Each structure stands twice: as structure tokens, then as C-alpha cells.
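The sequence shown begins at 55 in our numbering and counts up by one. Built from N, CA and C at the ideal position, the CB exists for glycine as well. The structure presented is a predicted model; accordingly, all values stated were derived computationally and were not measured.
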Amino acid sequence: MTRHTLAADEVTVRLGGRTVLDRVSLELGRGEVVGLTGPSGTGKTTLAQVMSGLRRPTGGRVRCDGAPLPTRHTGRIAMLFQSPRRSCDPRLTLRRSIAELARGPVAWDSVLEAAGMTKDLLDRYPAQVSDGQLQRAAVARVLASKPDYLLCDEMTAMLDPAGTASIARTVTALAGTGVGVLFISHDIPLLRVCADRLVHLGANPSPVSGAATTSPGPTVDSTDDIGVL
Numbered sequence: 055m056t057r058h059t060l061a062a063d064e065v066t067v068r069l070g071g072r073t074v075l076d077r078v079s080l081e082l083g084r085g086e087v088v089g090l091t092g093p094s095g096t097g098k099t100t101l102a103q104v105m106s107g108l109r110r111p112t113g114g115r116v117r118c119d120g121a122p123l124p125t126r127h128t129g130r131i132a133m134l135f136q137s138p139r140r141s142c143d144p145r146l147t148l149r150r151s152i153a154e155l156a157r158g159p160v161a162w163d164s165v166l167e168a169a170g171m172t173k174d175l176l177d178r179y180p181a182q183v184s185d186g187q188l189q190r191a192a193v194a195r196v197l198a199s200k201p202d203y204l205l206c207d208e209m210t211a212m213l214d215p216a217g218t219a220s221i222a223r224t225v226t227a228l229a230g231t232g233v234g235v236l237f238i239s240h241d242i243p244l245l246r247v248c249a250d251r252l253v254h255l256g257a258n259p260s261p262v263s264g265a266a267t268t269s270p271g272p273t274v275d276s277t278d279d280i281g282v283l
């Protein structure tokens with residue numbers, strides 16, 4: 055029986071002669087929220103890029119539901135970036151940008167509500183909205199694409215507290231529909247609310263290595279209690 059997981063297995067990444075990740079393994083199941091945290095520069099974004107298919111690993115492999123991750127996947131894996139301006143084409147209105155990735159007709163009311171976005175923004179271009187508003191549009195874009203796995207890289211960094219709370223509810227709701235979510239954030243309280251388990255990439259001078267040691271989200275009292283790769 056096929057296991058419905060997105061799994062990095064012994065992944066190594068070398069960039070410019072520097073080893074960013076060394077034999078890192080991490081598994082994300084459907085319907086699960088995994089919080090990934092740790093100091094800057096420990097390879098969190100790089101790991102997400104590899105698991106999404108945006109970056110080829112130097113070594114190791116990524117498997118999606120038991121099969122090797124293809125070079126071009128068919129929208130089953132989506133990624134949200136810290137900067138929303140990487141996600142939305144500046145030449146398209148937000149309405150067209152959201153519809154571009156949609157699987158079938160867009161359920162506008164439910165998508166906008168889940169993303170915390172208002173209808174009056176739909177006919178604006180990225181240059182006409184704030185970073186926070188554009189991040190909500192990027193979230194709506196992903197929701198319309200109905201991915202099996204969603205990898206989020208500091209996606210609340212541009213949002214106010216109300217927007218962050220809305221995203222927390224959205225992530226929890228997505229997991230409830232069977233979407234696997236990898237949520238990268240430095241916001242430990244937020245991850246405590248959202249994540250089923252937490253993984254910490256340590257700030258060791260040497261490359262991060264090994265299989266993930268994790269703790270359940272609700273029982274973590276400090277970052278020291280989270281397992282280190």
C-alpha cells in the first residue's frame with residue numbers, strides 16, 4: 055500500500071563549495087502540519103526548495119507518495135515564499151494570477167475568506183497593493199490550485215497579527231482536508247498553535263546532518279526541547 059508522504063531521504067546540497075545540507079531526512083504526511091524552525095542559514099529554505107522540486111539535491115532523493123519526485127510535477131506540491139512578489143506575476147491582476155493556477159472554477163468566496171483577502175483587491179496589480187495584501191493573494195493562489203502538499207517559507211513575515219491568525223486557521227483547515235503542510239517559521243508560538251510536530255535545524259558550525267528528531271507541537275515548552283537534525 056502506498057504511503058501518502060512527501061519525504062526527503064538523506065538529502066545533501068552543496069552551493070558554491072559550501073555544504074548547506076548534509077544527509078538530511080524529513081517526512082511530511084498528508085493531513086499533517088510539520089513546523090520547521092531554527093536560526094537563519096541552517097538550510098530551512100533550501101530543504102523546502104528541494105522537497106518542492108525547485109532545486110536539485112547534490113545527493114539523496116525526494117519521494118512523493120512513494121515515487122521519485124519528477125523534475126516537473128503537476129501542481130501536487132505548492133510553495134509559498136517569504137516574499138510574495140516572487141509568487142505573483144506583476145503583469146497580471148490578482149484575479150488572473152489566482153485563476154492561473156486553479157484546478158477548475160475558483161470558489162472565490164471560500165478561497166478569499168480562507169486567505170483573509172477582500173474582493174476589492176482582485177482587479178489590482180501587484181504594484182498597487184502592499185506586501186501584506188499581496189501575501190494574502192499568494193495564499194489564495196495556492197488554495198485555488200488545491201495542492202496535496204504545501205511548503206510555506208516564512209509566509210507570515212509580511213502580515214499583521216490579524217493576518218497571521220488568519221493564516222494559522224487556514225493552515226489548520228488545510229490539514230483537515232488532507233493537505234500536508236511544511237510550515238517554516240521563527241515564530242515558535244505560532245507553530246505551537248499550528249503544528250502537529252516541530253523540527254529544529256540547529257545552528258552548528260558543521261553542516262546539518264541526520265534524521266529529524268521531533269517533538270509534538272502542543273507539548274513543546276522552548277526551542278531547546280525541539281529535536282535537532
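| query | At what residues does the beta strand (DSSP E) containing residue 133 begin and finish? | reply | The residue labelled residue 133 in the question sits at position 79 within the sequence shown. Here the beta strand (DSSP E) through residue 133 covers 131 to 134.
| query | Could you give the uninterrupted runs of the beta strand (DSSP E) lying entirely in the region 186 to 268, keeping only those of 3 residues or more? | reply | 203 to 207, 234 to 238, 251 to 254 and 262 to 265
| request: For residue 148, verify whether its CB is less than 6 Å away from any heavy atom of the ligand MN. | output: For the ligand MN, the structure offers nothing, since it holds no ligand at all.
| request: Measure from the alpha carbon of residue 144 to the alpha carbon of each residue in 235, 169, 180 and 119, then state which is nearest. | output: On the sequence shown, residue 144 is found 90 positions in, with the first residue counted as 1. Ranking 235, 169, 180 and 119 by Cα distance to residue 144 puts 180 first.
| task | Confirm, please, whether the CB-CB distance from residue 236 to residue 245 is below 7 Å. | result | Position 191 of the sequence shown, counted from the start, is the residue given in the question as residue 245. Position 182 of the sequence shown, counted from the start, is the residue given in the question as residue 236. No, the Cβ-Cβ distance between residue 245 and residue 236 is not below 7 Å.
| Rounded separation between residue 77 and residue 118 - CA only | Here residue 77 is taken as the residue at index 23 of the sequence shown, counted from 1. Here residue 118 is taken as the residue at index 64 of the sequence shown, counted from 1. Computed Cα separation, rounded: 18 Å.
| query | In three-state terms, what does DSSP make of residue 99? | reply | Stepping through the sequence shown from its first residue, residue 99 is reached at position 45. Three-state result, residue 99: helix.
| said: In the DSSP output, what is residue 81 paired with across the bridge? | reply: Reading the sequence shown from its first residue, position 27 is the one you call residue 81. Its beta-bridge partners are 61.
| task | Thinking residue 96 and residue 255 are a contact (beta carbons under 8 Å), I'd like their distance in whole angstroms, please. | result | Stepping through the sequence shown from its first residue, residue 96 is reached at position 42. Stepping through the sequence shown from its first residue, residue 255 is reached at position 201. The Cβ separation is near 4 Å, so the contact holds.
| Sheet register partners of residue 165 (DSSP bridge) | Indexing the sequence shown from 1 puts residue 165 at position 111. According to DSSP, residue 165 bridges with nothing at all.
| said: Can you check which of these residues, 130, 211, 61 and 157, is closest to residue 104 by C-alpha distance? | reply: Within the sequence shown, the letter at position 50 stands for residue 104. Checked all of 130, 211, 61 and 157; the closest Cα to residue 104 is 61.
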